[in-house]
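Under my numbering, the very last position in the sequence shown is 443; numbers go up by exactly one each time.
Using N, Cα and C, we set each Cβ at its ideal position, and we do this for glycine too.
See structure below.
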Amino acid sequence: MTRTVTPAPGWVPVTTRRGDHTLDLPAEPIATPGLVLAPDWQGNRWTGRFVVVHAASSMVVPYTALPLVYAREVADQLGQHGIDWTDPVAAQPTRPRLRAAILHVTIAATEAWQCGVPLWWARPSWQACPPLWRLNGIDVADGEDGWISALDFGPAWTTWRGVVGWLDLIHDDPFADPLIGTITVSRDRDLSWRLVCAAPLCHHDQPAVGGWFAGEGDWIERPTTDREFLAATSTELGWRQHGRHWLCPACAHDHTPNYDSTWW
C-alpha cells in the first residue's frame, strides 16, 4: 500500500518503507549526499519525530527516530564515516562498517538527548575580541562631564572605523542632540568578550550572539568587558549554560532534555 503527501516548497520527495508499507513524504535535504530527513510515522499517524532516510533504497536508518535537531545532527555525523550514501546498496544492514557507524552515532545522540545538549559542541561560547574604543566628553542627556560610553552596556566600538562612523552619523543627523565640548577617544587595555551559541547547526552555522536591551529599548549585540553582566543577562533572556558552552534560547528549546525513561 502506498500513500502520498505533497512536498512543501524547498523539500524533496522521498519514499519511506515500513515492512510491506511505503509512504511518499516531503523530506528535508541535508549536507550528507544520499541522506534526507523525513517525518517518522507508524500506522496512519506521525509520531512527532523525524528519521534519517537512505534516499536510494527508501530504508529508514535504524534508531534515528528523534526530535528534528537531533536527526539533523545524526545525519551530519553519519556523513563523517567514509560511507558513500549515494550508493543504492550503502544502507544494507549486513555491512559491518555501516552497523558500527550507526551504533556509534545513535548511542551518542541518545545520550545527548537525555542531557539536552547537542551531539557535539561546534565552538567555544566565550570568544575574545579586541579592546573596546570609547568616547569621553559631555553627556548630552544631563549635561554633566563624563564618559559617554563609561558604562560597558553603553556605546562602545570594537574598531576605529566604528567610532568614526558613529561620529559622522551624529554629525550628519539633524535630529540628534549635539555633542558638547571636546570629545576624546580612548581604548580599553583589556580584551572584550562576546557570547555565542555553541550548537553546531545554530542559524545555519551563523550562531546567535548574546546581547542586551539598552535603556531606550534598543537591542545591543556587541562584545563587552563585563562577562558576568552578559552571562546574567543572557540567562534572563533564555540562554542555557552547560559548563563552558551556552545554548541560545532557540537551540535550548530544540535541545530539550528527554525525561521519558521508557524511550531509552
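- Sixteen is the threshold: when 16 or more other Cβ atoms of the shown chains lie within 10 Å of the Cβ of ASP255, as they do, the residue is buried.
- Minimum Cα-Cα distance from PRO297 among the listed residues CYS430, TYR438 and ASP439 corresponds to CYS430.
- Within the same chain, Cβ atoms closer than 6 Å to the Cβ of THR226 are found at ASP219, the five residues on either side in sequence being excluded.
- Residue pairing of PHE392 in beta bridges, as defined by DSSP: TRP398.
- CA-CA distance, SER304 to MET238, rounds to 37 Å.
- Between GLY341 and TRP300, the CB-CB gap reaches or exceeds 8 Å.
- In terms of Cβ geometry, VAL388 and GLU407 do not form a close pair [threshold 8 Å].
- Under the criterion of beta carbons closer than 8 Å, THR211 and GLY258 qualify as touching, at roughly 3 Å.
- A distance of 8 Å or more separates the beta carbons of VAL215 and VAL240.
- Residue GLY222 holds the alpha-carbon nearest to the alpha-carbon of GLY198 among ALA206, GLY222 and PRO205.
- In the structure shown, the three-state DSSP call for PHE229 is strand.
- Secondary structure of PRO379 (DSSP, three-state): coil.
- For the options ALA291, ARG251, THR243 and GLN293, the alpha carbon positioned closest to that of ARG278 is the one of THR243.
- Scanning its chain for C-beta atoms nearer than 6 Å, with the 5 sequence neighbours on each side dropped, one finds around ASP433 the residues VAL248, in chain order.
- Inter-residue distance for ALA206 and VAL231 is about 9 Å (C-alpha atoms, whole angstroms).
- Counting the other Cβ atoms within 10 Å of the Cβ of HIS233 gives 16 or more, which makes it buried.
- Per DSSP, THR211 is not a residue of any alpha helix (DSSP H), being assigned neither H nor E.
- Excluding residues up to 5 positions away in sequence, GLU252, PRO297, TRP299 and ALA301 lie with their Cβ nearer than 7 Å to the Cβ of PRO379 in the same chain.
- If you draw a straight line from the Cα of GLY295 to the Cα of ILE286, it comes to about 14 Å.
- Shown here for LEU204: same chain residues with a beta carbon closer than 7 Å to its own, the five before and five after excluded, namely VAL184, VAL193, THR195, ALA217 and PRO218 in chain order.
- Closest in C-alpha terms to CYS376, from the list ARG368, ASP352, SER413 and THR403, comes SER413.
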